[in-house]
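K.L.:
In the UniProt record's numbering, the protein residues as written are 1 to 322. All residues carry an ideal CB built from backbone N, CA and C; glycine is no exception. Everything numeric in this text was worked out from a predicted model, so none of it was measured.
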C-alpha cells in the first residue's frame, strides 16, 4: 500500500482542458517506436507511443496516427508498415523522426525489411507488418498489422513518460529482499548500480515535491534549466538538449510566455525573462539546501571519494565497448 495520499492537481472535462488531459495520459509510461512505411516518393517515418499488441494467433499489433500528421496519407496508401522499438541509446533517432527534417531517413541508418518497409538499424526489436485493417477513431486512424517478420536484440528499451525520455531500472522495492539480508551479508554487498538507482529515486521523489509546490511540471522545470544561462533556443533545440518531447516543450513554452516567465525572440527562439530567471534561481537554491541537508553527516573526504568514483563511472566505456 502506498504511504503517500495523492490528490489530483488537475482534472475535469477533457474537452475543456485538452492540455491537462494530455498530461494525464502522459503519466502512463510507454516505450518509443518509429513506425515506417515504403512510398513511391520515398519512405515515411513517425515516432509513436500508441503501439500495442492485439493478438498472438494470428500475430496482430496496432498503432495510431493523427489525421494532421504530414505522413498520414502515406500510411493510408501503404499496404505495409514496420514498427521499430528503440533502445535506450537511440534518443537521437527518436528526435530525428519527431523533428521537422524533410529527409529524415538520410540522418539515420536503416535497411529494407521483408515487406519493403524500412527497418531502423540497431533497434531493440522490429515488427514487419502487412496492414490488416484501418479504423477511424476520433482525430486518429488506428492501423492494425499482421506481423510477417520480427526481430529482437538484447538490450534495454528507451522509455517515455510525462514528456521526458527515460530508461528502465529495477524498482527500489525489488532490492528489499537483499536489504533484509544485510545482517548476513552486510550493506557492502549491495550492488553498486542498485545503490545508484535507489539514490536517484529518493532524490527525484524529494525534488518532485518541491516542483509541485512551486506549480512547475517536470517538463517545465527542465525548460527553465535549459534556458537558464543560455542563448535563446528554439523548441527543437530545447527538446534535443533536455531530452524532452517537442510537443510538451511547445505547450510549456506557451504557458511560460503567457505567465511572463519566458519571452519569444527572433527566429522562433525563446529566452527567460527576469521572473523566469528568479524562478530558476529559487529552484537552484532549494536544490543546494537539499544537497547540504542530505550530505551533512558525510565527511568531506568520503564525499571526495564518492565523487571521484561516480565521475570515473560516468567517464567509463559505454555499452558494447570491448
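Output the residue ranges of the beta strand (DSSP E) runs that lie fully inside the segment 91 to 163 and measure 3 residues or longer, sorted by chain position.
P.N.:
110 to 112, 118 to 120, 125 to 137, 140 to 152, 158 to 161
K.L.:
Just the Cα atoms here: how many angstroms apart are residue 51 and residue 301?
P.N.:
On the chain shown, position 51 is the one that residue 51 refers to. On the chain shown, position 301 is the one that residue 301 refers to. The alpha-carbon atoms of residue 51 and residue 301 are separated by roughly 49 Å.
K.L.:
What residue range does the beta strand (DSSP E) around residue 56 cover?
P.N.:
In the chain shown, counting from the first residue as 1, residue 56 sits at position 56. Per DSSP, residue 56 belongs to no beta strand (DSSP E) and is neither H nor E.
K.L.:
Going by the DSSP bridge assignment, what does residue 47 pair with across the sheet?
P.N.:
By 1-based counting over the chain shown, the position of residue 47 is 47. Answer is 34, bridged to residue 47.
K.L.:
Provide the residue(s) that pair with residue 66 in DSSP beta bridges, ordered along the chain.
P.N.:
Position 66 of the chain shown, counted from the first residue, corresponds to residue 66. In the DSSP output, where bridge partners are listed per residue, residue 66 has 140.
K.L.:
Which partner residues of residue 262 appear in the DSSP bridge assignment?
P.N.:
For the purposes of this step, residue 262 is taken as the residue at position 262 of the chain shown. As computed with DSSP, residue 262 is found in a beta bridge with 272.
K.L.:
What is the residue span of the alpha helix (DSSP H) that residue 21 lies within?
P.N.:
The sequence position of residue 21 within the chain shown is 21, counting from 1. Where residue 21 is concerned, the enclosing alpha helix (DSSP H) stretches over 18 to 25.
K.L.:
Quick check on residue 128: buried or exposed, where buried means 16 or more other Cβ atoms within 10 Å of its Cβ?
P.N.:
As a working mapping, residue 128 is identified with position 128 in the chain shown. Classification of residue 128: buried, given that the 10 Å Cβ count is 16 or more.
K.L.:
Measure the alpha-carbon distance for residue 131 versus residue 80 and round it to whole angstroms.
P.N.:
Here residue 131 is taken as the residue at index 131 of the chain shown, counted from 1. Here residue 80 is taken as the residue at index 80 of the chain shown, counted from 1. Roughly 5 Å between the two C-alpha positions.
K.L.:
Could you pull the DSSP bridge partners for residue 87 from this structure?
P.N.:
Position 87 of the chain shown, counting from 1, holds the residue named residue 87. Partner(s): 157.
K.L.:
My understanding is that residue 224 touches residue 270, with C-beta atoms under 8 Å, so please give their C-beta distance in whole angstroms.
P.N.:
In the chain shown, counting from the first residue as 1, residue 224 sits at position 224. In the chain shown, counting from the first residue as 1, residue 270 sits at position 270. That pair is no contact at about 11 Å.
K.L.:
State the beta-bridge partners of residue 286 as determined by DSSP.
P.N.:
Counting from 1 along the chain shown, the entry for residue 286 is found at position 286. Partner(s): none; residue 286 has no beta bridge.
K.L.:
Helix, strand or coil, according to DSSP, for residue 220 in the structure here?
P.N.:
In the chain shown, counting from the first residue as 1, residue 220 sits at position 220. In this structure, residue 220 counts as helix in the three-state DSSP scheme.
K.L.:
The alpha helix (DSSP H) spanning residue 171 covers which residue range?
P.N.:
As a position in the chain shown, residue 171 is number 171, starting the count at 1. Residue 171 -> no alpha helix (DSSP H), and no H or E assigned at all.
K.L.:
Tell me, to the nearest whole angstrom, how far the beta carbon of residue 229 is from that of residue 241; I am working on the premise that it is less than 8 Å.
P.N.:
Residue mapping note: residue 229 aligns to position 229 of the chain shown, counting from 1. Residue mapping note: residue 241 aligns to position 241 of the chain shown, counting from 1. In fact, because the Cβ distance is near 12 Å, the residues do not count as touching under 8 Å.
K.L.:
Are the segment 272 to 281 and the segment 131 to 149 touching, with three or more C-beta to C-beta distances below 8 Å?
P.N.:
no
K.L.:
Let's see if you can read the secondary structure: which residues bound the alpha helix (DSSP H) around residue 301?
P.N.:
Numbered from 1 along the chain shown, position 301 holds the residue referred to as residue 301. First-last of the alpha helix (DSSP H) with residue 301: 300 to 315.
K.L.:
Taking the alpha helix (DSSP H) that residue 244 falls in, what are its first and last residues?
P.N.:
By one-based count along the chain shown, residue 244 stands at place 244. Residue 244 -> no alpha helix (DSSP H), and no H or E assigned at all.
K.L.:
DSSP has residue 253 in a bridge; who is on the other side?
P.N.:
Counting from 1 along the chain shown, the entry for residue 253 is found at position 253. DSSP lists no partner for residue 253.
K.L.:
CB residue 85 to CB residue 75, shorter than 8 Å?
P.N.:
Position 85 of the chain shown, counted from the first residue, corresponds to residue 85. Position 75 of the chain shown, counted from the first residue, corresponds to residue 75. The beta carbons of residue 85 and residue 75 sit no closer together than 8 Å.
K.L.:
Can you tell which of 19, 251, 37 has its C-alpha closest to the C-alpha of residue 112?
P.N.:
Here the question's residue 112 lines up with position 112 in the chain shown. The shortest Cα separation from residue 112 among 19, 251, 37 belongs to 37.
K.L.:
Confirm, please, whether the CB-CB distance from residue 219 to residue 263 is below 8 Å.
P.N.:
The residue given as residue 263 occupies position 263 in the chain shown. The residue given as residue 219 occupies position 219 in the chain shown. Cβ distance not < 8 Å, so residue 263 and residue 219 don't count as in contact.
K.L.:
The alpha helix (DSSP H) that contains residue 28, what's its start and end?
P.N.:
Here residue 28 refers to the residue found at position 28 of the chain shown. Element bounds for residue 28: n/a, residue is neither H nor E.
K.L.:
Measure the C-alpha to C-alpha separation of residue 216 and residue 243 and round it to an integer number of angstroms.
P.N.:
Here the question's residue 216 lines up with position 216 in the chain shown. Here the question's residue 243 lines up with position 243 in the chain shown. Going from the Cα of residue 216 to the Cα of residue 243 covers about 18 Å.
K.L.:
Quick check on this structure: which residue in 166, 152, 144 has the alpha carbon closest to the alpha carbon of residue 158?
P.N.:
Translated into the one-based positions of the chain shown, residue 158 becomes position 158. Nearest C-alpha to residue 158: 166.
K.L.:
Please report how far the alpha carbon of residue 280 lies from the alpha carbon of residue 310, in whole angstroms.
P.N.:
Stepping through the chain shown from its first residue, residue 280 is reached at position 280. Stepping through the chain shown from its first residue, residue 310 is reached at position 310. Cα to Cα, the separation comes out at about 26 Å.
K.L.:
CB-CB under 7 Å to residue 146, same chain, minus the five flanking residues each way: which ones, in chain order?
P.N.:
For the purposes of this step, residue 146 is identified with residue 146 of the chain shown, where counting begins at 1. Excluding sequence neighbours, residue 146 sits near 58, 59, 60, 129, 130, 132.
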